[in-house]
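See structure below.
Numbering (this note's numbering), first residue to last: 347 to 644.
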């Protein structure tokens, strides 16, 4: 299956009961010419990655220059990404290759939030959804098996869903069967249902997590947008109050909903990501999720 924006919107709406709630009363979206206009009054700008700064392995035109302009205006900047499938070292190298000069503290991922939580838990065996490309980097202290051909992974005491590259229908069915047979905790590092790539939208761990919740009754714990842990990690050490934060993203049900639930203002980018080519005004009306600003690109 190759998802399109209409499918993705419907998929997010179908799982709203598992997402945070927020009050959008009194919010009317305004069109901004660029991000500097939308960021007026903000001391901290949180930027989604896919669909805002990049599309797959290609940078959004002018995005690096816009980040530099935000800094020149005296604003702090953080990338807040649900990309959980690769370690920080790889993520930072990737940003450099795309032409961005983010410092390590400026890049906050849902992987960071999930692994920080895992460090507080009693030690047990984890079955992990993750491509083996980068091996066990950052997972060295975690007793784990990658979910695949090794039967030991499916017998783990809990499951961690980080990256869906290489995930298959057969593996998903095996995971669901394991959870029906013996319910266990499921932690989700990437709650995204889809992500924009050069060739279209890809299915992400959030899709598989919501599916297993529906089919097994196991309620996953999520650590990325729209849930609080990744936002709390991004705010840490900034000294900025929520009313001075602008969340910039391409997805109503993750970036905009999550930002509002945290007390942030928000700006929806429409050209590159989850709503590219879709009826944006109609999506806002149908979802009831209302950004403070809309803009085609940053």
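Yeah, the Cβ is synthetic: ideal placement off N, Cα and C, and Gly gets one too.
For clarity, every value in this text was computed on a predicted model and none was experimentally measured.
Quick one: measure Cβ to Cβ for residue i and residue j, integer angstroms, because I've assumed they're closer than 8 Å.
i           : j           : result
residue 531 : residue 397 : Their Cβ separation, rounded to whole angstroms, is 30 Å, which puts residue 531 and residue 397 out of contact at 8 Å.
residue 421 : residue 388 : 6 Å
residue 490 : residue 520 : 17 Å between Cβ atoms; not a contact.
residue 351 : residue 620 : 6 Å
residue 594 : residue 381 : 7 Å
residue 349 : residue 630 : With 8 Å as the limit, residue 349 and residue 630 do not qualify as a contact, their Cβ atoms being about 20 Å apart.
Looking only at its own chain, which residues have a Cβ that is under 7 Å from the Cβ of residue i, when we skip the five neighbours before and after it?
i           : result
residue 589 : 609
residue 384 : 378, 592, 613, 639 and 641
residue 552 : 534, 536, 537, 538 and 539
residue 568 : 534 and 537
residue 550 : 510, 536, 538, 539, 540 and 541
residue 436 : 480
residue 478 : 492
Could you check whether residue j and residue i sit closer than 7 Å to each other, using their CB atoms as the reference points?
i           : j           : result
residue 392 : residue 580 : yes
residue 509 : residue 476 : yes
residue 591 : residue 365 : no
residue 665 : residue 636 : Outside the displayed range of the chain (347 to 644) lies residue 665, so it cannot be described from this structure.
residue 473 : residue 502 : yes
residue 623 : residue 571 : no
residue 448 : residue 410 : no
residue 356 : residue 547 : no
residue 493 : residue 499 : yes
residue 394 : residue 601 : yes
residue 424 : residue 386 : no
Given 6 Å as the limit, tell me if residue i has its C-beta closer than that to any heavy atom belonging to the ligand ZN.
i           : result
residue 466 : Absence of the ligand ZN is noted for the structure shown, with no ligands found whatsoever.
Who are the Cβ neighbours of residue i in its own chain at under 8 Å, not counting the five residues just before and after it?
i           : result
residue 367 : 607
residue 618 : 397, 398, 401, 406, 542, 596 and 643
residue 557 : 518 and 522
residue 544 : 401, 402, 403 and 404
residue 634 : 370
Once the 5 residues before and after residue i are set aside, which same chain residues still bring their CB inside 6 Å of it?
i           : result
residue 408 : none
residue 444 : 400 and 405
residue 611 : 592 and 638
residue 586 : 389 and 390
residue 505 : 473 and 532
residue 555 : 507, 534 and 566
residue 512 : 477
Using a Cβ cut-off of 7 Å (strictly closer), state whether residue i contacts chain B.
i           : result
residue 632 : No chain B appears in this structure, which consists of one protein chain only.
Original post:
Quick one: any contact between the stretch 408 to 420 and the stretch 456 to 471, if contact means 3 or more CB pairs under 8 Å?
Top reply: no
Original post:
How about the stretch 522 to 530 and the stretch 440 to 460: do they share at least three Cβ pairs that are nearer than 8 Å?
Top reply: no
Original post:
Three or more beta-carbon pairs under 8 Å between the stretch 557 to 566 and the stretch 532 to 541, yes or no?
Top reply: yes
Original post:
Going along the chain, which unbroken runs of the beta strand (DSSP E) with 3 or more residues stay wholly within the stretch 484 to 517?
Top reply: 490 to 492 and 504 to 507
Original post:
Mind pulling the alpha helix (DSSP H) runs of 4 or more residues that sit fully within the stretch 362 to 416?
Top reply: 381 to 384
Subject >> Residue ranges of each beta strand (DSSP E) within the stretch 429 to 486, 3 or longer >> reply: 453 to 455 and 472 to 475
Subject >> Continuous alpha helix (DSSP H) assignments of at least 4 residues falling wholly in the stretch 552 to 608 >> reply: Counting only runs of 4 or more, we get 574 to 581 and 603 to 607.
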